[in-house]
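Protein chains: 2
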Amino acid sequence: MKSLKKQTLVLGLSAALIATAGYAASHAAKSSNKAVAARHAQMQMIGYHTGVLGAIAKGEAEFDAATVKAAAGNLHALAKMDGSTLWLEGTAQGEVDGSRAKAEIWTDAAGFAAKFADLEKASMDMMNAGDAAAVGAGMGGIGGACKACHETYRGPKN
Amino acid sequence: MKSLKKQTLVLGLSAALIATAGYAASHAAKSSNKAVAARHAQMQMIGYHTGVLGAIAKGEAEFDAATVKAAAGNLHALAKMDGSTLWLEGTAQGEVDGSRAKAEIWTDAAGFAAKFADLEKASMDMMNAGDAAAVGAGMGGIGGACKACHETYRGPKN
Numbered sequence: 025m026k027s028l029k030k031q032t033l034v035l036g037l038s039a040a041l042i043a044t045a046g047y048a049a050s051h052a053a054k055s056s057n058k059a060v061a062a063r064h065a066q067m068q069m070i071g072y073h074t075g076v077l078g079a080i081a082k083g084e085a086e087f088d089a090a091t092v093k094a095a096a097g098n099l100h101a102l103a104k105m106d107g108s109t110l111w112l113e114g115t116a117q118g119e120v121d122g123s124r125a126k127a128e129i130w131t132d133a134a135g136f137a138a139k140f141a142d143l144e145k146a147s148m149d150m151m152n153a154g155d156a157a158a159v160g161a162g163m164g165g166i167g168g169a170c171k172a173c174h175e176t177y178r179g180p181k182n
Numbered sequence: 025m026k027s028l029k030k031q032t033l034v035l036g037l038s039a040a041l042i043a044t045a046g047y048a049a050s051h052a053a054k055s056s057n058k059a060v061a062a063r064h065a066q067m068q069m070i071g072y073h074t075g076v077l078g079a080i081a082k083g084e085a086e087f088d089a090a091t092v093k094a095a096a097g098n099l100h101a102l103a104k105m106d107g108s109t110l111w112l113e114g115t116a117q118g119e120v121d122g123s124r125a126k127a128e129i130w131t132d133a134a135g136f137a138a139k140f141a142d143l144e145k146a147s148m149d150m151m152n153a154g155d156a157a158a159v160g161a162g163m164g165g166i167g168g169a170c171k172a173c174h175e176t177y178r179g180p181k182n
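Line order of the protein sequences matches chains A and B. For what it's worth, our numbering labels the leading residue of the first sequence as 25, then goes sequentially. For what it's worth, our numbering labels the leading residue of the second sequence as 25, then goes sequentially.
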């Protein structure tokens, strides 16, 4: 009788532990999905501001120094963001739905950070572009940073 | 005959002008939609980082000084962003699909900017929170800034 009670207790505890682990896993999965969504929002804003500058470079929108400064400044802030809240371990492509993050982001963290630093520099350089031609010249650095990072650290479409 | 030619020319020019206006309008509509999407991405990132801090405040996630600093720092950068590329005139609720921006954003631009400044200050204050209780205390300022802005400048659900 005593042994049966003990066994029941052990079973009960195991069930509680499994439930806790299940809760923790589901909590982690939720955090992972949210981190991936936030990264996508960051990329959306980077793409948007690059597009604002690109339209000026292509003559589709009028050159305006304040707009260039604002768009480049926002790009700079986005590039400079602390990635530790966004690029959580366990959120690579295949680990979380919708993620295209390659494992190299974590195995080569310094290289990955360097790409964001390139975008940081290129957007800083763009801030004081004085005319549409200067915006066009600066687009090389910005587009180049985007492309280089995507080539190395972004996986194929899901 | 000459008069007919002239008439044809005038008609042709009018058509070209209408086409140009149409292109400009469609270009502007595209820009408006993109600006609204970028604003939503900004709000998504603000919500995400507020959630990271909120989970620590509620004890759902462990307190970690580096995470708090990163999340609060990113919030600060998001609050500080130059809104001139995002809150374009003509992108209020009813003017662009999906927008919930009230007209007051433009008629009371200083008041609107002050709300972002409140979030900027609250997130700066949060950066050096030393434990979960301090994060909890700081959440009041962050949540309060979000709420105050939404109450005054965000329209009902679409």
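Don't be surprised by glycine CBs; every beta carbon is placed ideally from N, CA and C.
**Message:** Give me the chain B residues within the contact set of alanine 98 of chain A, using Cβ-Cβ distance strictly less than 7 Å, ordered along the chain.
**Reply:** Alanine is not the amino acid found at residue 98 of chain A; the sequence shown has asparagine there. Going along chain B in sequence order, the residues near asparagine 98 of chain A (Cβ under 7 Å) are Met105, Asp106, Thr109.
**Item:** Close Cβ partners of valine 76 of chain A (< 8 Å) along its chain, the five nearest in sequence each way excluded
**Value:** Excluding sequence neighbours, valine 76 of chain A sits near Ala85, Thr91, Ala95.
**Request:** Pull up the distance between the alpha-carbon of leucine 37 of chain B and that of isoleucine 80 of chain A, whole angstroms please.
**Result:** Low per-residue confidence applies at leucine 37 of chain B: pLDDT is 49, beneath 50, and the placement is therefore not dependable, though the value from the model is reported in the following sentence. Answer to the nearest angstrom: the Cα atoms are 27 Å apart.
**Request:** Excluding the 5 residues preceding and the 5 following aspartate 155 of chain B in the sequence, name in chain order all residues of the same chain whose CB lies nearer than 7 Å to its CB.
**Result:** Correct list, in chain order: Phe87.
**Exposed unless 16 or more other CB atoms sit within 10 angstroms - verdict on asparagine 98 of chain B** = With 16 or more Cβ atoms within 10 Å of its Cβ, asparagine 98 of chain B is classed as buried.
**Request:** Kindly give me the distance between the Cβ atoms of tyrosine 177 of chain B and glutamate 119 of chain B, rounded to whole angstroms, as I take these residues to be in contact under 8 Å.
**Result:** Actually they do not touch by this definition, with Cβ atoms about 15 Å apart.
**Message:** Among B:Lys126, B:Ala61, B:Gln68, B:Ile70, whose alpha-carbon lies nearest the alpha-carbon of glycine 71 of chain A?
**Reply:** Selected option, being the one with the closest Cα: B:Ala61.
**Message:** Can you tell me whether lysine 58 of chain A is buried or exposed? The criterion is at least 16 other CB atoms within 10 Å of its CB, across all chains shown.
**Reply:** Buried is the call here.
**Asked** So with Cβ pairs under 8 Å, would you call isoleucine 61 of chain B a contact of chain A?
**Response** Correcting the residue type first, residue 61 of chain B is alanine in the shown sequence and not isoleucine. By this cut-off, alanine 61 of chain B is an interface position.
**Request:** Just the C-alpha distance for asparagine 182 of chain B and aspartate 132 of chain A, rounded to the nearest angstrom, thanks.
**Result:** Spanning the two alpha carbons is a distance of roughly 44 Å.
**Prompt:** Can you list, in chain order, the residues of its chain whose CB lies under 7 Å from that of threonine 115 of chain A, leaving out five sequence neighbours each side?
**Reply:** Leaving aside the five residues that flank threonine 115 of chain A on each side, the residues in its chain whose CB is nearer than 7 Å to its CB run, in chain order, Ser56, Ala59, Val60, Ser123, Ala125.
**With 16 other Cβ atoms within 10 Å as the buried cut-off, status of alanine 52 of chain B** = Exposed, because fewer than 16 other Cβ atoms sit within 10 Å of the Cβ of alanine 52 of chain B.
**Prompt:** Just checking my contact of glycine 162 of chain B with methionine 150 of chain B at CB under 8 Å: how many whole Å lie between their CB atoms?
**Reply:** Approximately 4 Å separates the beta-carbon atoms of glycine 162 of chain B and methionine 150 of chain B; this is inside 8 Å, confirming the contact.
**Request:** Give a yes or no on whether the minimum CB-CB distance between tyrosine 72 of chain A and chain B is below 8 Å.
**Result:** Judged by the 8 Å Cβ criterion, tyrosine 72 of chain A is in contact with chain B.
**Asked** Under a three-way DSSP split, which group does arginine 63 of chain A fall into?
**Response** The three-state reading of DSSP puts arginine 63 of chain A in helix, counting H, G and I together.
**Prompt:** In this structure, does DSSP put methionine 25 of chain A in helix, strand or coil?
**Reply:** For methionine 25 of chain A, the pLDDT reaches just 44, beneath the cut-off of 50, and the residue's location in the model is therefore unreliable, although a value from the coordinates is still provided. Three-state DSSP puts methionine 25 of chain A in coil, outside helix and strand.
**Message:** Check for me: the alpha helix (DSSP H) holding methionine 146 of chain B runs from which residue to which?
**Reply:** A small correction: the amino acid at residue 146 of chain B is alanine; methionine does not occupy that position in the sequence shown. From DSSP, the alpha helix (DSSP H) with alanine 146 of chain B extends over 133 to 150.
**Item:** Reference methionine 67 of chain A, options A:Trp130, A:Trp111, A:Lys145, closest by Cα
**Value:** Closest option to methionine 67 of chain A, Cα to Cα, is A:Trp111.
**Message:** Contact defined as beta carbons within less than 8 Å: I believe alanine 103 of chain A pairs with phenylalanine 140 of chain A. What is the distance between those atoms, to the nearest angstrom?
**Reply:** The Cβ separation is near 5 Å, so the contact holds.
**Prompt:** Does any residue of chain B bring its CB to less than 8 Å from the CB of threonine 91 of chain A?
**Reply:** Interface residue (Cβ-Cβ distance to chain B less than 8 Å): threonine 91 of chain A is classified as such.
**Residues that alanine 101 of chain A contacts on chain B, provided the C-beta gap is smaller than 9 Å** = What alanine 101 of chain A touches in chain B: Ala101, Leu102, Lys104, Met105, Asp106.
**Item:** 8 Å Cβ cut-off: residues of chain A touching glycine 75 of chain B
**Value:** Simply Lys58.
**Residues from the segment 148 to 161 of chain A in contact with chain B, defined by Cβ distance under 8 Å** = Against chain B - using a Cβ distance shorter than 8 Å - the segment 148 to 161 of chain A contributes no residues.
**Proximal residues of chain B, C-beta to C-beta of methionine 69 of chain A below 8 Å** = Correct list: Ala62, Ala65, Gln66, Met69.
**Request:** Would you decide whether lysine 26 of chain A is buried or exposed? Buried here means 16 or more other CB atoms lie within 10 Å of its CB.
**Result:** Reliability of the predicted coordinates at lysine 26 of chain A is poor, the pLDDT of 48 falling under 50, and the value obtained from them is presented with this limitation in mind. Taking a 10 Å sphere around the C-beta of lysine 26 of chain A, we find fewer than 16 other C-beta atoms and assign the residue as exposed.
**Prompt:** If we count the other Cβ atoms within 10 Å of its Cβ and call it buried at 16 or more, is serine 147 of chain A buried or exposed?
**Reply:** When all chains shown are included, serine 147 of chain A counts as buried.
**Message:** Just verifying my parser: in three-state terms, what is the DSSP assignment at alanine 153 of chain B?
**Reply:** If DSSP states are grouped into helix, strand and coil, alanine 153 of chain B belongs with coil.
**Message:** What would DSSP say about alanine 127 of chain A, mapped onto helix, strand or coil?
**Reply:** In the structure shown, alanine 127 of chain A falls within a coil segment according to DSSP collapsed to helix, strand and coil.
**Request:** Find out if the Cβ-Cβ distance for the pair histidine 100 of chain B, glutamate 144 of chain B is shorter than 8 Å.
**Result:** Yes, these two residues count as a Cβ contact at 8 Å.
**Prompt:** Name the chain A residues whose beta carbon is nearer than 7 Å to that of alanine 94 of chain B?
**Reply:** Under the 7 Å cutoff, chain A gives Asp106, Ser108, Thr109.
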